Structures are given as structure tokens and as C-alpha cells.
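Trainee:
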Amino acid sequence: ARKEDVRVQVVDQNVLEISGERIKEEENVGDTWHRVERRRGSFRRRFRLPVNANLDDIKCSMEHGVLRVVVPKVGALPQSNVRLIDIS
99 ARKEDVRVQV
109 VDQNVLEISG
119 ERIKEEENVG
129 DTWHRVERRR
139 GSFRRRFRLP
149 VNANLDDIKC
159 SMEHGVLRVV
169 VPKVGALPQS
179 NVRLIDIS
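Counting from 99, one number per residue, gives the positions in the sequence shown under our numbering.
1) Among the residues of its own chain, which have a CB less than 6 Å from the CB of Met-160, if the five just before and after it don't count?
2) Using DSSP with H/G/I as helix, E/B as strand and the rest coil, what is Leu-153?
3) Distance, Cα to Cα, Arg-142 vs Arg-120?
4) Starting from the C-beta of Val-106, find all residues in its chain whose C-beta is less than 6 Å away, skip the five residues before and the five after it, and write them out in chain order.
5) For Leu-165 and Val-104, which I take to be in contact (beta-carbon distance under 8 Å), what is that distance rounded to the nearest angstrom?
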């Protein structure tokens, strides 16, 4: 895959969506045909991100057709509105 064929975005405030298009590749080298067959068509994967994901600092890179996505955590989570109730 090429990075131009892949799209990475955050949707619905906490879902990481990776989508793109697969294409079949054929290569002609001299008199020999090299054929690489891969599944064709579009794809989409969605991952729910945890509450402590830092959405502003997500980094993506692609090397040799492998996509790498790094989602860092935020420092401290905000205090929740959880209150302990004593059992009598």
C-alpha cells in the first residue's frame, strides 16, 4: 500500500478510522512477468480509543507498506464525578 491510498482520521470524537483502497499490481521485467496478487477493493477499520488518548498528538507513518499509528496518552485523567456511597 502507498500512503496516498490510505486515510487515517478520528471520527465521533473517540474512534480511529483507517480506510483506503487496495489495488492489484502487475510488473513486467524483461521477458518475465512478475505478478503480485492481493485482495482488491476498499477497506475500513474502526478502533474505539480510550478516554485517556491524546487525540491532538496522534502520529502516523508508513514504511514498506506497513502503517504505524501511535496514539499517546494524556498525562492525568480529569477527576470523575464518582461518589462512594456507604452501605448501611
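Backbone N, C-alpha and C fix where the C-beta goes; we use that ideal spot for every residue, glycine too. Remember, predicted model here, so these are calculated numbers, not experimental data.
Mentor: So, from the data block:
1) Closer than 6 Å at the Cβ level, and outside the excluded window around Met-160, lie Lys-101.
2) Look at Leu-153 here: in three-state DSSP terms it is helix.
3) Between the C-alpha atoms of Arg-142 and Arg-120 there is a straight-line separation of about 11 Å.
4) Cβ within range, chain order: Ile-116 and Cys-158.
5) Rounded, the Cβ-Cβ distance is 6 Å, consistent with contact.
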